[in-house]
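Visitor: Have a look at this one before I ask anything.
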Amino acid sequence: MAVFSVREKLAILSDAAKYDASCASSGSAKRDSLKSGGIGSTEGSGICHSYAPDGRCISLLKILLTNFCIYDCSYCINRSSSNVPRARFSVEEVVRLTMDFYRRNYIEGLFLSSGVIRSPDETMGEMVEVARRLRIEEKFGGYIHLKTIPEASAELIEKAGRYADRLSINVELPTDEGVKKLAPEKKPETIRLSMAELRRKIEEKAEPTLQSRKRERFAPGGQSTQMIVGADKTSDDGILRASARLYGSYHLRRVYYSAFSPIPDSSAALPLHNPPLMREHRLYQADWLMRFYGFSQPEILAGSNDGMLDLAIDPKLAWALRNRGRFPVDVNRADREALLRVPGLGTKVVDRILETRRHRRLRLEDVGRLCHSVAKVRPFITAEGWSPGALTDKLGLRQTITRPCEQLSLF
Amino acid sequence: MPRTQLSLASHLVRLENEIDFAGWRDAARRLATNDIPPEDVAWQVGHDDDNRANDLPASRQDTRLVVPRDFIERAETVICHSDPERFNFLYRLLWRLRVEPKLLSIASDPHIRRLESMEKAVRRDTHKMRAFVRFRKIGDGAEERYVAWFEPDHFIVERNADFFVRRFAGMRWTILTPYASADWDGERLAIGPGAGKRDAPAEDDAEALWRTYFENIFNPARLKVKAMQKEMPKKYWRNLPEASLIPDLIAGADRAATAMIARMPTSPAPHHAKVKAKHWPTPEPADVVEPESTDIPGLREEASGCRRCPLWRDATQTVFGEGPETADVVFVGEQPGDQEDLAGKPFVGPAGKVFDSILDQAEIDRRKVYVTNAVKHFKFEPRGKRRIHSKPNAGEIRACRWWLDKELDLIKPNLAVALGATAAQSLLGKAVPITRMRGDVIQREDGLRVFVTIHPSFILRIREHEDKEAERERFLTDMRKVKQLMAA
């Protein structure tokens, strides 16, 4: 095997890590370096220190410890049958890189994942050692996200949770059949059990202990997971159903959707095309509807023909167009739940409407000043001096709204 | 420095510096209590050559000036904005607040819109400074220092310095900007005068590694230049060591992505066959007939992969019965709940706790009885972070009866206790009215006696304390009867 420099290894092992979408560095416990005299802080919301031309935020040093792997998952660049160059960092090298980058304010912390070499425990053990050295020897107070290997032992998971802010296990694909087909060595049952165990640990440690009455530190940033979109045939409804199940069952902070992307040296088992980025975007929007807008999962696509989200319009507008009987909503009287369902009104706008209308009745112009696109909102609300009349039920409404909105589209 | 037109104003306020909030506040109090309207006031930062003093009247003690606390906080943010009109604008807001105390809540008011957009600009600039400051290291060992050059849009160095202290307490660092600098020597923060780009180091060896990372974490198949520029506008690029790579990455992206798609899949890597043979040997061909388990552990193992109904899809695992194979009595519940699904054990959640404590009072040792469920996967509807229990249907109960029958077959208890309607339906083969049959002992055709009662979760659902206690007592009476029947 060739001997690589740290820079060459960094090239290989960051290239190998980029298909993991998660980059969040938020939602952990507050920490700062004044008390420890070390380096690093977390203050609730994370910071994106740079952006790559793919539009993704760079917040963490996202690398693999090694891209050698005994698994052969066809969607993965690091599968054992792939011809990509292989490299392996030492624990020391990862610690140095993290500290050097952090001190220069390039990153919020480390997201460490790994191919599985030899045994799950051996690999997990090295990842935990990186985290331990950062926290104990370097007094590092920044963010640490460790990818957890489902088959690793309970003691290692316990340690991982002590040093890391967040742990994650990827479900990879929305259905067990998909996993069996594309990642034949992975066991969906084990993945579920590991997530269940993580939730139990996180809840258990959140309770003060009997003796010290202190809370033990265990992954204060919770757990998350990732699903690949477009590598198998699961519909959006099926994907969202899997997400709703995961949020409910394992209290995940986030489910990440990653549009299946062509990889260097790809497998013949998979379709090769550009990643379905718009589909991925719509899934995130629908995910938001479930988490912040009071939608239940089955509602989002109820009444659609094929269980797929409309790519041309956002899922809330699509839902509203299918449920026009619930509109118009009176912005001066409706409750928060009803306002949250109006297309074009986000959570912040709704809160401002609620606050403002305690003092004055809102006219359409007022709503227009609070939100981005009044064209989208107008057919679905009544306001002082404004009623949409027959507009709400107009046949061509979808076209009327989409045209002015297209300019604002993200892509 | 931008100056406001002074010609029409009858009062001139001179502030010490760009973010002199105390000075603004003092002047505003004097002006407002003396009823001097915003049109009559001009604001300026620093002193003219003539060094004329402020000619402001003293604030009047007989006039109360009350403003929402929120206004002070927001004004402190907005005063950091680079707009030279901000002092006057804030005074105008104060002027209106005297007669419109709720003004700040009226988000649709044009002045409030402006206030918000100015706050937002300052906050965004503050955030972007935290993101885009790039330190360069100079010196080693005791001489090691980190120096950055940054160009903010607004006057934010002072309000942002604490963030860098909290984050980099263990380092000696300096942030230079055109109007001010912040310096931390490991113990003390000092705000100093502005500097020039040349005062900061020109390079740092770590930047080559950082650029390598930036190049390789980028996925050329997902090019979204607008999304990048929205969050990282070009004005910041000149001070970011990674930004000079961007044009080439964009130019080469299409080629790189097309190449990835066009390239034919290659044959498996040379080491692949060895890895496969070592870690994933082909399993021995399975026996044609699955041997039927003759004990509970074997049965549990068989049931772990159960696909007799679709409930396995959403559940974490099969929750099989638990207890000695020699038990005299088998308690049958409905189905596992949230906690049971996670733990893989029956009756460990809230209902299980009620059940345990009542068994204890009835002097039944849970370790000596067998506890199981009619349906062995959790059926639920997800609602946010909760799972709402759904009742298993007749088909699911029937499918899972396969396992319950086998458990009863192996254990051969002299009594089964049906906890609730689902258990009774499974044990008796038909739906029965629990309220009417509660406390009855029914003999099945195979001779097994079935005692019918409620499910302990029923007690949990009662709101009224007295009713709850009464129901608990009834259940305890039932369990005492069970204790007698066990002995019989």
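One line per chain: the protein sequences are H and F, in this order. Residue 277 in the working numbering sits at position 277 of the first sequence, with consecutive numbering throughout. Residue 1375 in the working numbering sits at position 375 of the second sequence, with consecutive numbering throughout. Ideal Cβ placement from N, Cα and C applies to all residues, glycine included.
1) For residue 1095 of chain F, which residues in the same chain have their Cβ closer than 6 Å to its Cβ, ignoring the five residues on either side in sequence?
2) In this structure, how does DSSP classify residue 1031 of chain F when only helix, strand and coil are distinguished?
3) Look at the alpha carbon of residue 13 of chain H and the alpha carbon of residue 67 of chain H, and state the distance between them as a whole number of angstroms.
4) Kindly list the residues whose CB is nearer than 7 Å to the CB of residue 1040 of chain F, restricted to its own chain and excluding five residues on each side of it in sequence; keep chain order.
5) Nearest to residue 1124 of chain F by alpha carbon, out of F:1101, F:1078 and F:1449?
6) Using Cβ-Cβ distances below 7 Å, what residues of the segment 1085 to 1109 of chain F are close to chain H?
7) Taking buried to mean at least 16 other C-beta atoms within 10 Å of its own C-beta, is residue 223 of chain H buried or exposed?
8) Under three-state DSSP, which class holds residue 379 of chain H?
9) Closer than 7 Å by C-beta to residue 321 of chain H: which residues in its own chain qualify, once you throw out the five before and the five after it? Chain order, please.
10) Within 8 Å of any Cβ in chain H, is that where the Cβ of residue 1006 of chain F sits?
11) In its own chain, which residues sit with a C-beta less than 7 Å from the C-beta of residue 1468 of chain F, not counting the 5 before and 5 after it?
12) I'd like to know if residue 1216 of chain F contacts chain H, where contact means its C-beta is closer than 8 Å to some C-beta of that chain.
13) With distances taken between CB atoms, is the gap from residue 1376 of chain F to residue 359 of chain H smaller than 8 Å?
14) For residue 136 of chain H, is the classification buried or exposed, using 16 other Cβ atoms within 10 angstroms of its Cβ as the cut-off for buried?
15) Could you tell me whether the Cβ of residue 372 of chain H comes closer than 8 Å to any Cβ of chain F?
16) Checking 8 Å against the spacing of the C-beta atoms, do residue 25 of chain H and residue 47 of chain H come in under that value?
17) Show which residues of chain H have a CB atom less than 8 Å away from the CB atom of residue 1203 of chain F.
18) Taking one C-beta from the segment 1414 to 1426 of chain F and one from the segment 1448 to 1459 of chain F each time, how about it: are there three or more such pairs within less than 8 Å?
19) Interface residues of chain H around residue 1242 of chain F at Cβ under 8 Å?
20) Could you tell me the distance, in whole angstroms, from the CA atom of residue 276 of chain H to the CA atom of residue 1246 of chain F?
21) Compare the beta carbon distance of residue 219 of chain H and residue 191 of chain H with 8 Å and say whether it is the shorter of the two.
22) Mind checking if residue 1210 of chain F is an interface residue toward chain H, Cβ cutoff 8 Å exclusive?
23) So does the segment 246 to 263 of chain H actually touch the segment 1199 to 1216 of chain F, counting three or more Cβ pairs closer than 8 Å?
24) Any beta carbon from chain H within less than 8 Å of residue 1314 of chain F's own beta carbon?
25) Around the C-beta of residue 225 of chain H, are 16 or more other C-beta atoms found within 10 angstroms, so that it is buried, or is it exposed?
26) Taking just the CA atoms, how far does residue 301 of chain H sit from residue 314 of chain H?
27) Which two residues bound the contiguous alpha helix (DSSP H) that contains residue 1181 of chain F?
28) Classify residue 1258 of chain F as helix, strand or coil using the three-state DSSP reduction.
29) What distance in whole Å lies between the Cβ atoms of residue 1045 of chain F and residue 1015 of chain F, which are believed to be in contact at a cut-off of 8 Å?
30) Quick one: give me the first and last residue of the beta strand (DSSP E) that residue 1297 of chain F is part of.
31) Determine, using beta carbons only, whether residue 1317 of chain F comes closer than 8 Å to chain H.
32) Quick one: is residue 83 of chain H near chain F, going by C-beta distance under 8 Å?
33) If the cut is a Cβ gap below 9 Å, which residues of chain H does residue 1129 of chain F touch?
34) If contacts are defined as beta-carbon pairs under 8 Å, then residue 1166 of chain F and residue 45 of chain H qualify, I think. What distance do you get, rounded to the angstrom?
35) Rounded to whole angstroms, what is the Cα-Cα separation between residue 171 of chain H and residue 1155 of chain F?
36) Between residue 409 of chain H and residue 279 of chain H, what straight-line distance do the alpha-carbon atoms span, to the nearest angstrom?
Guide: In short:
1) 1038
2) helix
3) 7 Å
4) 1009, 1010 and 1011
5) F:1078
6) 1102, 1105, 1106, 1107 and 1108
7) buried
8) helix
9) 397 and 398
10) For residue 1006 of chain F, the pLDDT reaches just 47, beneath the cut-off of 50, and the residue's location in the model is therefore unreliable, although a value from the coordinates is still provided. Residue 1006 of chain F does not count as touching chain H.
11) 1459 and 1462
12) yes
13) no
14) exposed
15) no
16) yes
17) Result: empty, since nearest Cβ-Cβ is about 12 Å, beyond 8 Å.
18) yes
19) 50
20) 23 Å
21) no
22) yes
23) no
24) yes
25) buried
26) 12 Å
27) Run containing residue 1181 of chain F: none in the alpha helix (DSSP H); it sits in the beta strand (DSSP E), 1180 to 1184.
28) helix
29) 5 Å
30) Unbroken run through residue 1297 of chain F is the alpha helix (DSSP H), 1296 to 1303; no beta strand (DSSP E).
31) yes
32) yes
33) Within 9 Å Cβ-Cβ: nothing; residue 1129 of chain F doesn't reach chain H, min ~10 Å.
34) Contact flag wrong, Cβ pair sits at about 14 Å.
35) 46 Å
36) Bear in mind that the predicted position of residue 409 of chain H carries a pLDDT of just 41, short of 50, making it unreliable; the figure below should be weighed with that in mind. Using only the alpha carbons, I get a separation of about 13 Å.
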